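If you count by the numbering used here, then the sequence shown holds residues -16 to 143, one letter each, in order. Encoded as structure tokens, the structure appears first; notes follow it.
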Amino acid sequence: MASVRGARRLPLAEFLVGPKRHALGPDELIAAVHVPATTGPQGFAKVGPRNAMAIAVVSFALSLDPEGGTVGAAIGSAGPTALQVPEAASFLAGVLEDRALWQSRAPLRDEERRRFAELVVEVSRPIDDRRGTAAYRRHALGVLAARVLGWAWDEYRRSR
Ligand SMILES: Cc1cc2nc3c(=O)[nH]c(=O)nc-3n(C[C@H](O)[C@H](O)[C@H](O)COP(=O)(O)OP(=O)(O)OC[C@H]3O[C@@H](n4cnc5c(N)ncnc54)[C@H](O)[C@@H]3O)c2cc1C
């Protein structure tokens, strides 16, 4: 963020402070967005009335980093800001490490995908609004999380 007063950087989680609110000062502009490059597949899915030019009812993003052995995951439109899901990410990173899946590229078990999705949903804080109900968003988020994980892991397995 830049202004005549100088430049500063904030992690995205601190930049997003609430619905339609951010940490940008009245005299500041966003000068750059720094995104760490990861070495593995990434996935994003959203539920909306149609594919393009439709505000999200709920969304989910996942990033796998085989080199660092880490997982990044976040949800959108199901809380006052976009939310990271550290418990789900560490659960998945733990499964991948404990079963040496980064090396073997063996399939994930259904119960592992299900548990990952449950942990994602637990962090969400959706409300009922004109886009959808909280109950629908929780359900759809679980479906998206399990689905995006399946897509990303399949892509990793194919990239051998
Ligand atoms: C017209 C339009 C078209 C778009 N088209 C596309 C597209 O085609 N593709 C695409 O990828 N993106 C599209 N977008 C952008 C995408 O929808 C947004 O980037 C995304 O929804 C942002 O997610 P968010 O979680 O940051 O914010 P939001 O989606 O705004 O989510 C904030 C959430 O906060 C909730 N909320 C409000 N108050 C509270 C509270 N007190 N407590 C808890 N929750 C609260 C609201 O229910 C809302 O769901 C579009 C946006 C618009 C407006």
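The beta carbon of each residue, even a glycine, is placed where N, CA and C say it ideally should be. For clarity, every value in this text was computed on a predicted model and none was experimentally measured.
With DSSP as the reference, label residue i as helix, strand or coil.
i      : result
Ala57  : strand
Ser46  : strand
Asp112 : strand
Leu28  : Going by the sequence as given, residue 28 is Ala instead of Leu. Strand, per DSSP.
Ala65  : coil
Leu91  : coil
His5   : strand
Val0   : strand
Quick one: using the 10 Å Cβ neighbour count with 16 as the cut-off for buried, is residue i buried or exposed?
i      : result
Glu95  : buried
Val16  : exposed
Pro12  : Here residue 12 is Leu; the residue named in the question, Pro, does not match the sequence. Answer is exposed; the Cβ neighbour count stays below 16.
Val104 : buried
Ser142 : exposed
Leu215 : There is simply no residue 215 to check, as the chain begins at -16 and stops at 143 in what is shown.
Arg120 : buried
Leu102 : buried
Val68  : buried
Does the Cβ of residue i lie closer than 7 Å to at least one heavy atom of ligand 1?
i       : result
Pro(-6) : no
Arg108  : yes
Glu37   : Looking at the sequence shown, residue 37 is not Glu but Ala. Yes, Cβ of Ala37 sits closer than 7 Å to a heavy atom of ligand 1.
Pro2    : yes
Arg114  : yes
Ser87   : no
Gly26   : no
Gly62   : yes
Gly59   : yes
Ser46   : no
Relative to the C-alpha of residue i, which candidate in the options has its C-alpha closest?
i        : options                         : result
Arg98    : Ala28, Ala129 and Pro63         : Ala129
Pro19    : Asp112, Asn34 and Glu50         : Glu50
Val106   : Ala28, Gln25, Phe43 and Pro(-6) : Phe43
Val(-13) : Ala14, Gly1 and Pro2            : Ala14
Ser73    : Ala57, Ser87, Ala65 and Arg88   : Ala57
Gly55    : Pro2, Arg(-8) and Phe27         : Phe27
Ala135   : Leu79, Asp112, Leu45 and Ala65  : Leu45
With three or more C-beta pairs closer than 8 Å as the rule, is the segment 75 to 84 touching the segment 2 to 9? no
Check whether the segment 58 to 66 and the segment 111 to 127 touch, using three or more Cβ-Cβ pairs below 8 Å as the test. yes
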